[in-house]
Amino acid sequence: MRFIKVSIRRQLIALMSAAVILPISISILLTNFFTTKMIDEQTMEENIRLLSEGKQNIATYLDSINHASLSVYYQTKMNDILTNGTASEDDKPYIYTTLQEISQSVKHVYQVLLSLNGDNRAYLYAEQKYYYGTSAITRPTASFVKPYSAILFSTHPSSNYGIAPFPSTSYPVFSLYRPLFNVPSQEATGFLAIDVKLDALQQLSSDLYDKDRDHFFILDKAGVVVFASNDELIGRPLNESWVALLTQGNEAGSFKWDDLHFQGVIVYTKLSESYLDWTIVKQVPAHYMYERRRELTFTNATVSAVLLMLVMIAVVIVSFRLTSPLKNLIRSMNKIQAGQLNEPILVERSDEFGILAHRFQEMMYTINDLIVNKYKLDLATKTYQLKMLQAQMNPHFLHNALQSIGASALDHNAPEVYTLVSSLGQMLHYSMDTKHTIVPLSAEINYVTGYLQLQQQRFEEKLQIELELEPDTTSLPIPKMIIQPLVENFFKHGFHHTQGAAKLRIQTRLQDGLLYILVEDNGKGVAEEQLLKLRQQLAKPDSPAVDEAEGIGLTNVQLRLMLYYGVQGCMLLDTMSPHGFQVTIILPILQQEGDTIHENADR
Numbered sequence: 172m173r174f175i176k177v178s179i180r181r182q183l184i185a186l187m188s189a190a191v192i193l194p195i196s197i198s199i200l201l202t203n204f205f206t207t208k209m210i211d212e213q214t215m216e217e218n219i220r221l222l223s224e225g226k227q228n229i230a231t232y233l234d235s236i237n238h239a240s241l242s243v244y245y246q247t248k249m250n251d252i253l254t255n256g257t258a259s260e261d262d263k264p265y266i267y268t269t270l271q272e273i274s275q276s277v278k279h280v281y282q283v284l285l286s287l288n289g290d291n292r293a294y295l296y297a298e299q300k301y302y303y304g305t306s307a308i309t310r311p312t313a314s315f316v317k318p319y320s321a322i323l324f325s326t327h328p329s330s331n332y333g334i335a336p337f338p339s340t341s342y343p344v345f346s347l348y349r350p351l352f353n354v355p356s357q358e359a360t361g362f363l364a365i366d367v368k369l370d371a372l373q374q375l376s377s378d379l380y381d382k383d384r385d386h387f388f389i390l391d392k393a394g395v396v397v398f399a400s401n402d403e404l405i406g407r408p409l410n411e412s413w414v415a416l417l418t419q420g421n422e423a424g425s426f427k428w429d430d431l432h433f434q435g436v437i438v439y440t441k442l443s444e445s446y447l448d449w450t451i452v453k454q455v456p457a458h459y460m461y462e463r464r465r466e467l468t469f470t471n472a473t474v475s476a477v478l479l480m481l482v483m484i485a486v487v488i489v490s491f492r493l494t495s496p497l498k499n500l501i502r503s504m505n506k507i508q509a510g511q512l513n514e515p516i517l518v519e520r521s522d523e524f525g526i527l528a529h530r531f532q533e534m535m536y537t538i539n540d541l542i543v544n545k546y547k548l549d550l551a552t553k554t555y556q557l558k559m560l561q562a563q564m565n566p567h568f569l570h571n572a573l574q575s576i577g578a579s580a581l582d583h584n585a586p587e588v589y590t591l592v593s594s595l596g597q598m599l600h601y602s603m604d605t606k607h608t609i610v611p612l613s614a615e616i617n618y619v620t621g622y623l624q625l626q627q628q629r630f631e632e633k634l635q636i637e638l639e640l641e642p643d644t645t646s647l648p649i650p651k652m653i654i655q656p657l658v659e660n661f662f663k664h665g666f667h668h669t670q671g672a673a674k675l676r677i678q679t680r681l682q683d684g685l686l687y688i689l690v691e692d693n694g695k696g697v698a699e700e701q702l703l704k705l706r707q708q709l710a711k712p713d714s715p716a717v718d719e720a721e722g723i724g725l726t727n728v729q730l731r732l733m734l735y736y737g738v739q740g741c742m743l744l745d746t747m748s749p750h751g752f753q754v755t756i757i758l759p760i761l762q763q764e765g766d767t768i769h770e771n772a773d774r
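The numbers in the numbering used here rise by one with no breaks, and the one at position 190 of the sequence shown is 361.
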């Protein structure tokens, strides 16, 4: 029991588990049941509609073959040949032309045969070649079909009808046979046979099923497979129990099936014409059909688990036991608000509320320490301000003195000295201007340029300087004195260790709504261990570990960035290959109002 009493959460989990888990479990089961039913109905409806559209395409194609077989009646010369039932040598060109037109009027026709009863002769057009001879096949007369009608024979291997040399390759074809008559009598004068490759049915039915998932069949009236997604079944009777159900249904329908060979839904539609009686069948396996259901069930289970967790948390939050420790906390807070920051919080508990009270007590101790540190910091600040006042000279006096020195340099024909003195004067004026702590980037760059001019005069050709400033960046406001300390570090720590000419590069750019300021050199760089220490120091810039001999330094720049930008501004350190050092300052785009800066609302 003590294990339960220690935590409110454990007490409520034991009470609410059954009340929460049972409804959620029932919800998942009901959702799974109705989803299965919905998927079954949707699958049947969609596939019936799909097969109906496919049936229309196949029927249209077969009607075009049937119509092409009637073209022998449309030509006067062919009518004369059919009337007599014989053909002379002069008639052969007309016969071959007619057979060629029939073959080319419909796609995927393999060969066309015309047989005449009068002289027992047959004419064959196959693969763009003509053949002539005596046909050895049985002629489908009126005993096979009604007069002036045709019949469609199921898939069978192609043959040469006993006329042409037997081809090296035999193709599976289905054939349209049409007996020919002496119009308008019922006297049979011959017959026409059109063999069609199964590529036609393959093309027409390719969009009706997924060959990697579904099973597709076209069956004739006897149950023989005219076409199937499995080539091994073509031309054979389909010995499946469900085939008998196709003859008992309507023109189109569907039903579920479950046996050792197949589990899923069977959808069919019938294709009936005067010359054929086919049934188009599609099997949709349950494994693929219910794949979406499994995904939905998993999603529901995940959501239910999250919901269960939220309910448990809510039970804990709204529990009546929340009031007792909160009252003690509020009583202690009122005393703390009156100034008693060391007031102890009397919540003697070992559960979550006890931890909360303990953490709040530690926080108040931390706040008290921060207040004391702030007083110390204010005192130190006033001390430094006093030292700065003691160290300052009158800016006007220095400025006037430097102007006098510059004028004297011009009088003595020393323009380089005048330039250097002017640069120094501008630097002093910029650094002594304490009214403006936020300046345009261009002003900071001008200050750095003046500093570099003095260094250039000192080192001459040994120093190479590159400035790459995007025009859009020069007017952006930044804190004063954040670039020059980085440049000064190069001359203190890296300049005298360069191989050849020392190179210093300063670049500014805008990227993704941020201002990037990059300062890099080709000095000796920093060892990996020292670089790690610098990064750790920048992560805690307020720690007292900076040598004053280094001037403002990297740490003071980081402190200024934190002062103006908080966590939004940062400074990155890295080494260059093969040697050198790189500092990148990343700042948000800010708007300036007086000496304060605000984050741009357009970002």
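Backbone N, C-alpha and C fix where the C-beta goes; we use that ideal spot for every residue, glycine too.
| query | What's the gap between the Cα of E519 and the Cα of Y546? | reply | Going by the C-alpha atoms only, they are around 34 Å apart.
| query | L689 and Q753: beta carbons closer than 8 Å? | reply | The beta carbons of L689 and Q753 sit closer together than 8 Å.
| task | Pull up the distance between the alpha-carbon of D683 and that of D604, whole angstroms please. | result | Distance between the alpha carbons of D683 and D604 is about 33 Å.
| task | Alpha carbon to alpha carbon, how far is I484 from I145? Give it in angstroms, no decimals. | result | This structure does not reach residue 145, given that the chain is present from 172 up to 774, and the question cannot be answered.
| said: Rounding to the nearest angstrom, what Cα-Cα distance links M222 and S276 in this structure? | reply: The residue asked about is misnamed: residue 222 is Leu in this sequence, not Met. Answer to the nearest angstrom: the Cα atoms are 26 Å apart.
| query | Hey, out of P343, E632, Q626, A364, whose CA is closest to F662's CA? | reply | Nearest to F662 by C-alpha distance, out of P343, E632, Q626, A364, is Q626.
| For the beta strand (DSSP E) that P350 lies in, which residues bound it at each end? | Bounds of the beta strand (DSSP E) holding P350 are 343–352.
| field | Three-state class that DSSP yields for Q753 in the structure shown | value | Q753: strand per DSSP, three-state reduction.
| message | Less than 7 Å between C-beta atoms, sequence neighbours within five positions excluded: which residues of the same chain meet that for S445? | response | Within its own chain, the residues whose Cβ lies closer than 7 Å to the Cβ of S445, once the five positions on either side in sequence are excluded, are S320, listed in chain order.
| Apart from the five residues on each side of it in sequence, which residues of its chain come closer than 8 Å, Cβ to Cβ, to Q532? | So the list reads P515, I516, once near-sequence residues are dropped.
| said: Below 8 Å on the Cβ atoms is my contact criterion, and I expect L287 with G256 to pass it. Report the Cβ-Cβ distance as a whole number of Å. | reply: In this structure L287 touches G256 by the C-beta definition: roughly 5 Å separates them, less than 8 Å.
| said: Any contact between the stretch 427–439 and the stretch 350–364? By contact I mean 3 or more CB pairs, one from each, below 8 Å. | reply: Contact annotation: the stretch 427–439 does not touch the stretch 350–364, with fewer than three C-beta pairs closer than 8 Å.
| For Q373, which option in D366, F362, N401, Y348 has the closest C-alpha, if you only look at C-alpha atoms? | Restricting attention to D366, F362, N401, Y348, the CA atom closest to the CA of Q373 is found in N401.
| task | Tell me whether H238 sits in a helix, a strand or coil according to DSSP, three-state version. | result | If DSSP states are grouped into helix, strand and coil, H238 belongs with the helices.
| DSSP puts S223 in a beta bridge; with which residues? | Per DSSP, S223 has no beta bridge partner at all.
| message | Using 8 Å as the threshold, is the C-beta distance between V396 and F388 below it? | response | Yes, Cβ-Cβ distance for V396 and F388 is below 8 Å.
| message | Taking the straight line between their C-alpha atoms, what separation do you get for S594 and V619? | response | Going from the Cα of S594 to the Cα of V619 covers about 10 Å.
| query | Taking the DSSP output, what are the residues bridged to T473? | reply | In the DSSP output, where bridge partners are listed per residue, T473 has none listed.
| Any idea what DSSP makes of E298, helix, strand or coil? | If DSSP states are grouped into helix, strand and coil, E298 belongs with coil.
| request: Can you have a look at G671 and say buried or exposed, based on whether 16 or more other CB atoms are within 10 angstroms of its CB? | output: Its Cβ having fewer than 16 others within 10 Å, G671 is exposed.
| Which of the three DSSP states, helix, strand or coil, is assigned to A190? | Note: A190 maps to helix in three-state DSSP.
| query | Which residues in the same chain as I405 place their Cβ atom closer than 8 Å to its Cβ, once the five residues preceding and following it in sequence are excluded? | reply | T326, P343, L369, V396, V397, F398, A399.
| request: Quick one: using the 10 Å Cβ neighbour count with 16 as the cut-off for buried, is Y601 buried or exposed? | output: By the neighbour-count definition (other C-beta atoms within 10 Å, threshold 16), Y601 is a buried residue.
| query | Should D718 go down as buried or exposed, given a rule of 16 or more other Cβ atoms within 10 Å for buried? | reply | Its pLDDT being 48, under 50, D718 is placed unreliably by the model, and nothing is read from it.
| task | From the DSSP output, in three-state form, read off E422 for me. | result | In the structure shown, E422 adopts coil according to DSSP, grouped into three states.
| field | Contact under 8 Å by Cβ, T726 with Q701 | value | Q701 sits away from T726, with the two beta carbons spaced by 8 Å or more.
| message | Residues in the same chain with beta-carbon distance under 6 Å from R777, minus the five sequence neighbours each way, listed in chain order, please. | response | With the chain running from 172 to 774 in the structure shown, residue 777 is simply not present.
| request: Reducing DSSP to helix, strand and coil, say where T440 ends up. | output: T440 falls in the strand class under three-state DSSP.
| field | Extent of the continuous beta strand (DSSP E) run through P648 | value | Note, P648: beta strand (DSSP E), 648–650.
| said: With the cut-off set at 8 Å, would you say Y265 and K248 are in Cβ contact? | reply: In contact: Y265 and K248 (Cβ atoms closer than 8 Å).
| message | Within 10 Å of its beta-carbon, does V113 have 16 or more other beta-carbons around it, so buried, or fewer, so exposed? | response | In this structure the chain extends from 172 to 774, so residue 113 is not present and cannot be described.
| Is M564 helix, strand or coil when you go by DSSP? | Reliability of the predicted coordinates at M564 is poor, the pLDDT of 49 falling under 50, and no value is obtained from them.
| query | Beta carbon of T645, beta carbon of S613: below 8 Å? | reply | In this structure, the beta-carbon distance from T645 to S613 falls below 8 Å.
| message | As a quick exercise: from A472, E466, Q434, T473, pick the residue whose alpha carbon is nearest that of V455. | response | It is Q434 whose Cα lies nearest to the Cα of V455.
| task | Under the assumption that V728 contacts I653 (Cβ atoms under 8 Å), give the Cβ distance between them as a whole number of angstroms. | result | 5 Å between Cβ atoms; contact.
| query | DSSP on F388, reduced to helix/strand/coil? | reply | In the structure shown, the three-state DSSP call for F388 is strand.
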